[in-house]
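Quick note, the sequences are listed as chains A and C, same order. Just so you know, we're using this note's numbering here: the first sequence kicks off at 298 and counts up by one. Just so you know, we're using this note's numbering here: the second sequence kicks off at 360 and counts up by one.
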Amino acid sequence: DTGVSQDPRHKITKRGQNVTFRCDPISEHNRLYWYRQTLGQGPEFLTYFQNEAQLEKSRLLSDRFSAERPKGSFSTLEIQRTEQGDSAMYLCASSPYTYEQYFGPGTRLTVT
Amino acid sequence: DAKTTQPTSMDCAEGRAANLPCNHSTISGNEYVYWYRQIHSQGPQYIIHGLKNNETNEMASLIITEDRKSSTLILPHATLRDTAVYYCIVRVTGNQFYFGTGTSLTVIP
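In structure tokens, the structure reads:
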């Protein structure tokens, strides 16, 4: 399968713990996006990479969130000191162009 | 910021055309409208995009009004597999896109 993959698919953690998610984009895609989606809402933009450079971050993104894309390939999203409000689906997408993003299956985070 | 407004839900009979409207009155003159859909428990999937003229591909047609304040996505012959949430998306700034809450389309046998 050559689509976007995300790991883990599900994560349950206790409030206050740190979590890290991984996204493997489609090879040759230089653009990578992270989104957060809560129940009944559409995906909400978190951050954007072009190659290894993080070019944009949502102004709503807490300082507890950090993302990296070393070497311009896979990306990680870390949430420090998780809160119950962080419970959501975290989606990664990659793209060779602006108009067509290829989404992964997402990582569902539950903070207890 | 650019935003979109869509009906919360719609039904369509199998085999009939599904017409999904979207209002995007705040869209900038040179920005595209994008449509994606999300089938339950999957990531969103690209459908089509357009600027001014009507567009058609193997999945759907996109009709954009002349003033560009609204558009309609048309699925010409809806099937049960088209049941999904459909998002009309505009760019907010840079590479940030606004998805909104979408329209939940149910195709009825």
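The beta carbon of each residue, even a glycine, is placed where N, CA and C say it ideally should be. Since we're looking at a predicted model, the values are computed, not measured.
I want to see whether chain A comes within less than 8 angstroms of residue i, judged by CB atoms only; does it?
| i | result |
| --- | --- |
| His383 of chain C | no |
| Tyr445 of chain C | no |
| Asn454 of chain C | yes |
| Thr442 of chain C | no |
| Thr465 of chain C | no |
| Thr460 of chain C | yes |
Could you round the C-beta distance between residue i and residue j to whole angstroms and report it? I think they count as a contact, below 8 angstroms.
| i | j | result |
| --- | --- | --- |
| Thr431 of chain C | Leu379 of chain C | 7 angstroms |
| Thr409 of chain A | Phe318 of chain A | Actually they are not in contact, since the Cβ atoms of Thr409 of chain A and Phe318 of chain A sit about 17 angstroms apart, beyond 8 angstroms. |
| Ile386 of chain C | Val449 of chain C | 5 angstroms |
Out of curiosity, what's the CA-to-CA distance linking residue i and residue j?
| i | j | result |
| --- | --- | --- |
| Leu358 of chain A | Leu343 of chain A | 6 angstroms |
| Gly313 of chain A | Asp360 of chain A | 14 angstroms |
| Leu374 of chain A | Ser368 of chain C | 33 angstroms |
| Asn413 of chain C | Glu349 of chain A | 36 angstroms |
| Val444 of chain C | Ile398 of chain C | 6 angstroms |
| Tyr446 of chain C | Asp304 of chain A | 25 angstroms |
| Asn454 of chain C | Gly382 of chain A | 25 angstroms |
Taking only beta-carbon atoms, is residue i less than 8 angstroms away from chain C?
| i | result |
| --- | --- |
| Pro322 of chain A | no |
| Glu397 of chain A | yes |
| Ser355 of chain A | yes |
| Pro393 of chain A | no |
| Leu388 of chain A | yes |
Is it right to say residue i is buried, meaning 16 or more other beta carbons lie within 10 angstroms of its own, or is it exposed?
| i | result |
| --- | --- |
| Ile423 of chain C | buried |
| Asp426 of chain C | exposed |
Along the stretch 403 to 435 of chain C, what residues have a CB closer than 8 angstroms to any CB found in chain A?
-> Pro403, Gln404, Tyr405, His408
Report the residues of the stretch 330 to 353 of chain A with a CB closer than 9 angstroms to any CB of chain C, ordered along the chain.
-> Tyr330, Tyr332, Gln334, Gly337, Gln338, Gly339, Pro340, Glu341, Phe342, Tyr345, Gln347, Leu352, Glu353
Residues of the stretch 370 to 399 of chain C with a CB closer than 7 angstroms to any CB of chain A: list them in chain order, please.
-> Tyr391, Tyr393
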